[in-house]
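First the structure, in the form of structure tokens, and then the observations on it.
Residue numbers (my numbering): 25 to 260.
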């Protein structure tokens, strides 16, 4: 079983390095069981290339915008590796160890994409739980942690973001494209998946926990004092 992890990186070297180091550890943990490899699209020449290769990732250089082209570049880079499925994450998203066991079983029997219904959000020394969309998108998966089986990718010609010229909103673009082709995401809660996804927030991110709390009333604060050690325990 081969699972490719794809992402696009831009600035925020400290949080990016933390995330890449986390997945390098995941890759090591699954050796002999699941073959996992990272594929990264970056836009800062040697800086992002060196950081990616430091953690064993394949790298492609491409302008940061349009973002659809950048994400598709990481997807196409992974194609040559011939994975059974491709996991798309943001450069600040941590998918737990147990989630990969779920992905392994899912890829054996399914061709539709799957993702998380809910998530944890970490911000500074705080962590919150978000129960998922409550508006017209209720029941839709998060953009981070979406897994695409290879048979689906072949049918889509390995392009799941279309030709959008937007600088943001790629989760929505992906959802619109899937819907236009009659493809539905299977949305699974962390509880049912028996895994977690943590979305890390930083000062360089467009959204933050304060904004989430104002716009998404489903946010619940879980712990007023949170650190990276606690995060590692949570994800294993």
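Glycine included, each C-beta is placed from N, C-alpha and C at the ideal position.
Cβ of residue i within 7 Å of Cβ of residue j?
{"i": "residue 224", "j": "residue 116", "result": "yes"}
{"i": "residue 168", "j": "residue 113", "result": "yes"}
Would you tell me roughly how many angstroms separate the C-alpha atoms of residue i and residue j, rounded to the nearest one?
{"i": "residue 145", "j": "residue 48", "result": "21 Å"}
{"i": "residue 43", "j": "residue 118", "result": "7 Å"}
{"i": "residue 80", "j": "residue 150", "result": "31 Å"}
{"i": "residue 51", "j": "residue 160", "result": "37 Å"}
{"i": "residue 205", "j": "residue 216", "result": "27 Å"}
{"i": "residue 177", "j": "residue 156", "result": "26 Å"}
{"i": "residue 147", "j": "residue 222", "result": "10 Å"}
{"i": "residue 78", "j": "residue 70", "result": "12 Å"}
{"i": "residue 54", "j": "residue 201", "result": "32 Å"}
Here's a check: name, in chain order, each residue in its chain whose Cβ is nearer than 7 Å to the Cβ of residue i, leaving out the five neighbours to either side.
{"i": "residue 72", "result": "33, 66"}
{"i": "residue 102", "result": "28, 30, 63, 110"}
{"i": "residue 25", "result": "58, 59, 108, 128, 131"}
{"i": "residue 211", "result": "139, 141, 163, 164, 165"}
With distances taken Cα to Cα, identify the nearest neighbour of residue i among the options.
{"i": "residue 39", "options": "207, 220, 219, 76", "result": "76"}
{"i": "residue 203", "options": "216, 164, 127", "result": "164"}
{"i": "residue 82", "options": "128, 60, 208", "result": "60"}
{"i": "residue 187", "options": "216, 93, 209, 174", "result": "93"}
{"i": "residue 68", "options": "86, 199, 156", "result": "86"}
{"i": "residue 74", "options": "37, 207, 90", "result": "37"}
{"i": "residue 90", "options": "194, 184, 54, 199", "result": "194"}
{"i": "residue 137", "options": "199, 158, 53", "result": "199"}
{"i": "residue 88", "options": "104, 154, 35, 56", "result": "35"}
Assuming residue i contacts residue j under a Cβ cut-off of 8 Å, what Cβ separation, rounded to an integer in Å, is found between them?
{"i": "residue 95", "j": "residue 182", "result": "That pair is no contact at about 11 Å."}
{"i": "residue 171", "j": "residue 139", "result": "7 Å"}
{"i": "residue 135", "j": "residue 106", "result": "Not really, about 16 Å apart at Cβ, beyond 8 Å."}
Among the residues of its own chain, which have a CB less than 6 Å from the CB of residue i, if the five just before and after it don't count?
{"i": "residue 219", "result": "120, 122, 123, 126"}
{"i": "residue 214", "result": "142, 220"}
{"i": "residue 229", "result": "Because the pLDDT of residue 229 is 48, which lies under 50, any placement of that residue in the model is unreliable, and the question is left without a value."}
{"i": "residue 184", "result": "198"}
CB-CB under 8 Å to residue i, same chain, minus the five flanking residues each way: which ones, in chain order?
{"i": "residue 98", "result": "30, 31, 32, 63, 64, 65, 84"}
{"i": "residue 133", "result": "none"}
{"i": "residue 208", "result": "136, 202"}
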